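Number of protein chains: 2
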Amino acid sequence: MKHTRAPDVVVRRLALYLRVLGEVAADGVDRFISSRELGDRAGVSPAQVRKDLAFFGEFGKQGVGYEVRVLQQELQGILNVDREIRVGLAGVGELGTALARYLYRRFHHDGAYAFHLVASFDVDPDKVGRPVEGDIMVYHMDELHDVVRRLGLEIFILAVPAGAAQAVADACVAAGVRAILNFAPVKLRVPPGVRLHISDVSLELQQLAYYL
Amino acid sequence: MKHTRAPDVVVRRLALYLRVLGEVAADGVDRFISSRELGDRAGVSPAQVRKDLAFFGEFGKQGVGYEVRVLQQELQGILNVDREIRVGLAGVGELGTALARYLYRRFHHDGAYAFHLVASFDVDPDKVGRPVEGDIMVYHMDELHDVVRRLGLEIFILAVPAGAAQAVADACVAAGVRAILNFAPVKLRVPPGVRLHISDVSLELQQLAYYL
DNA sequence: TAGATTGTTAATCGATTAACAATC
DNA sequence: TAGATTGTTAATCGATTAACAATC
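Residue numbers (the working numbering), protein chains in the order written: chain A, 6 to 217; chain B, 6 to 217.
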């Protein structure tokens with residue numbers, strides 16, 4: 006399907022393009038979009054758009070552009086988001102709860118597609134056994150391995166305290182999780198083959214401070 | 006002070022180095038760290054570490070490495086985080102509240118240095134006028150311009166609904182804010198000179214899905 | 001001194017931009 | 001057809017890695 010693995014920057018922009026296409030498609034009317042317009046809306050050059058897409062195939066018509074719906078579906082296929090992806094959440098603190106509610110509201114009505122948060126985990130006995138939101142049950146962290154296997158969780162979101170993050174990540178990896186989004190302010194180590202993204206407010210603020 | 010503006014990737018890694026140095030310094034004992042150890046801990050090559058630092062000056066001793074405390078202070082100076090930086094938060098929903106509490110707990114006891122969340126903003130009359138956490142008051146969004154000026158807010162965190170984000174960003178920019186961290190799932194437009202970072206869970210999940 | 005590690009230059013690698021023939 | 005825009009190649013730009021003299 007993919008010949009070579011695409012560079013990370015390309016994958017990031019693909020997700021951006023997909024968002025733009027969603028906005029354009031929401032305007033109604035099937036229509037075409039040029040690499041110029043797509044680029045303008047996504048904040049990249051037209052050449053960059055064409056180059057990125059060319060990495061995966063030919064999706065446009067010369068002189069016309071790209072059919073919005075078609076390109077949308079192609080990109081969804083490439084990014085693997087044309088199916089249900091089951092997501093787990095570790096850490097049902099304030100941030101974890103906020104994330105759970107956000108994800109639930111954003112994706113749960115999208116039917117069989119995209120991201121479904123289906124389980125969350127914590128060590129607090131007061132939280133375990135009751136739903137964090139909707140039908141998203143909170144399991145004890147000890148059950149992580151079993152639940153990952155039983156429910157087929159593929160991506161994990163980590164919203165646990167910094168001190169616990171590495172242990173939880175290790176447990177996820179041991180259970181077969183291959184992608185982790187880490188909100189804890191620590192550098193985690195994962196084996197090759199496991200994809201780790203970070204979302205770290207303090208790190209972002211420090212970077213921003215440089216430009217003041 | 007800075008000759009040329011450093012590339013974004015370098016700035017990102019600088020923040021990473023700073024975190025590592027903090028961890029090492031917390032171990033106690035003043036000591037030296039080599040580009041190899043710093044690199045290992047930060048997940049980059051030793052050559053990269055030296056190249057990044059060389060961008061700003063000479064901070065090491067041949068045959069020995071870098072004095073942890075010294076390098077820490079140098080990097081804090083370079084990143085501008087050796088002073089109080091006043092942060093505003095727009096949007097006191099679930100995510101906003103979680104972020105406010107996190108920032109308050111993480112930084113408020115750090116005295117005069119680093120990031121201080123000093124004001125938050127919302128349009129909900131039930132939220133306006135009462136603190137979101139500690140002494141962080143919630144102001145009405147209409148007061149944003151005045152409060153930014155009065156309290157000297159430099160960085161803004163946006164945790165408002167997608168539909169409101171661009172208007173709030175515009176208001177921040179008009180008030181003189183020069184750095185924004187956006188949590189809303191929309192592409193924002195800001196004028197040159199204003200630095201915009203995004204933290205977007207859906208976008209991250211879509212990228213992660215590619216690697217499944 | 002001997003060993004280690006920096007700062008820096010040169011070589012490599014990869015990503016972005018420019019340009020244009022192909023073609024809808 | 002004439003105009004527009006793609007897909008792709010070549011040129012440019014920038015970032016990473018390798019290597020090593022300088023030196024603590």
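All residues carry an ideal CB built from backbone N, CA and C; glycine is no exception.
Nothing here was measured: the structure is a model prediction, and the numbers come from that model.
| query | In this structure, does DSSP put A:His150 in helix, strand or coil? | reply | helix
### Query
Taking only beta-carbon atoms, is A:Phe126 less than 9 angstroms away from chain B?
Not flagged as an interface residue toward chain B: A:Phe126, since no C-beta distance is shorter than 9 angstroms.
Around the Cβ of A:His3, are there at least 16 other Cβ atoms within 10 angstroms (buried) or fewer (exposed)? For residue 3 of chain A there is no data in the structure shown, the boundaries of chain A being 6 and 217.
In angstroms with no decimal places, state the Cα-to-Cα distance between A:Ser39 and A:Arg55.
10 angstroms
Among B:Gln171, B:Ala11, B:Asp13 and B:Gln77, whose alpha-carbon lies nearest the alpha-carbon of B:Ala30? B:Ala30 has its Cα closest to that of B:Gln77, out of B:Gln171, B:Ala11, B:Asp13 and B:Gln77.
Practice problem: Could you tell me which of A:Ala119, A:Cys177 and A:Ala167 sits nearest to B:Arg24, measuring between CA atoms? | Solution: A:Ala167
Problem set entry | Chain-ordered neighbours of A:Phe5 on chain B, where CB pairs are closer than 7 angstroms | Residue 5 of chain A is absent from the model: chain A starts at 6 and stops at 217.
Express the C-alpha separation of A:Leu217 and B:Arg17 in angstroms, rounding to a whole number.
So the two alpha carbons sit approximately 15 angstroms from each other.
If contacts are defined as beta-carbon pairs under 8 angstroms, then A:Leu4 and B:Ile160 qualify, I think. What distance do you get, rounded to the angstrom?
Residue 4 of chain A is absent from the structure shown; chain A starts at 6 and stops at 217.
Discussion item. Any beta carbon from chain B within less than 9 angstroms of A:His202's own beta carbon?
Written reply: yes
### Task
Starting from the C-beta of A:Asp13, find all residues in its chain whose C-beta is less than 7 angstroms away, skip the five residues before and the five after it, and write them out in chain order.
none
- Query: Taking Cβ positions only, does A:Tyr2 come closer than 9 angstroms to chain B?
  - Reply: Any answer about residue 2 of chain A is impossible in this case: the structure gives chain A only from 6 up to 217.
From B:Phe60, B:Arg74, B:Ala20 and B:Met146, pick the residue whose C-alpha is nearest to that of B:Val165; which is it? B:Met146
query = At a Cβ threshold of 9 angstroms, is A:Val13 touching chain B?
reply = Before going further, note that residue 13 of chain A is Asp rather than Val in the sequence given. Under the 9 angstroms criterion on CB atoms, A:Asp13 is classed as interfacial with respect to chain B.
| query | Would you call the CB atoms of B:Tyr109 and B:Glu148 closer than 9 angstroms? | reply | no
Interface partners of A:Leu122 on chain B, CB under 8 angstroms: Those do not exist, as A:Leu122 stays about 10 angstroms from chain B at its closest Cβ, beyond 8 angstroms.
For the stretch 180 to 191 of chain B, which residues have a beta carbon sitting closer than 7 angstroms to at least one beta carbon of chain A? Flagged, chain order: Arg183, Ala184 and Leu186.
_So that I know if they touch, is there some Cβ in chain A lying closer than 9 angstroms to that of B:Phe64?_
Not closer than 9 angstroms to any Cβ of chain A, the Cβ of B:Phe64 fails to qualify, so no.
Within 9 angstroms of any Cβ in chain A, is that where the Cβ of B:Ala47 sits? yes
Check your understanding: Can you list, in chain order, the stretches of the beta strand (DSSP E) that have 3 or more residues and sit fully within the stretch 81 to 159 of chain B?
Key -> 89 to 95, 119 to 127, 136 to 138 and 141 to 145
Checklist entry - What in chain A is Cβ-close to B:Ala170, meaning under 8 angstroms? => result Those within 8 angstroms of B:Ala170 in chain A number zero; the least Cβ separation is about 13 angstroms.
- Message: Give me the residue from A:Asp32, A:Asp131 and A:Leu43 with the minimum Cα distance to A:Leu19.
- Response: A:Leu43
**Prompt:** Considering only the beta carbon of each residue, do B:Asp127 and B:Val143 sit closer than 9 angstroms?
**Reply:** For B:Asp127 and B:Val143, yes; Cβs fall inside 9 angstroms.
Looking at the structure shown, is B:Tyr71 part of a helix, part of a strand, or coil, going by DSSP? strand
The alpha helix (DSSP H) that contains A:Ala184, what's its start and end?
Counting along the chain, A:Ala184 falls outside any alpha helix (DSSP H), though it belongs to the beta strand (DSSP E) covering Ala184 to Asn187.
**Item:** Cβ pair count under 8 angstroms reaching 3, the stretch 170 to 182 of chain B against the stretch 180 to 199 of chain A
**Value:** no
- prompt: In terms of residue numbering, what span does the alpha helix (DSSP H) encompassing A:Leu43 cover?
  reply: That run of the alpha helix (DSSP H) goes Ser40 to Ala47.
is_contact[A:Gln212, chain B] using C-beta, thresh 9 angstroms: yes
Supposed contact pair B:Lys132 and B:Val92 - C-beta distance, whole angstroms, cut 8 angstroms: About 18 angstroms separates the two Cβ atoms, so there is no contact after all.
Exercise. Give me the Cα-Cα distance between A:Cys177 and A:Gly27, rounded to the nearest whole angstrom.
Key: 32 angstroms
Q | Check whether A:Ser125 and A:Ala95 have beta carbons under 9 angstroms apart | A | yes
Can you tell me whether B:Leu217 is helix, strand or coil according to DSSP?
coil
Through-space distance from B:Ile90 to B:Ile141, alpha-carbon basis | 15 angstroms
**Asked** I think B:Val199 touches B:Ala170, with their Cβ atoms under 8 angstroms apart; what is that distance to the nearest whole Å?
**Response** About 14 angstroms separates the Cβ atoms of B:Val199 and B:Ala170, ruling out a contact at the 8 angstroms cut-off.
* Asked: Is the Cβ-Cβ distance between B:Leu163 and B:Val123 less than 9 angstroms?
  -> no
Run through the DSSP bridge pairs and tell me what B:Phe37 is partnered with. B:Glu72
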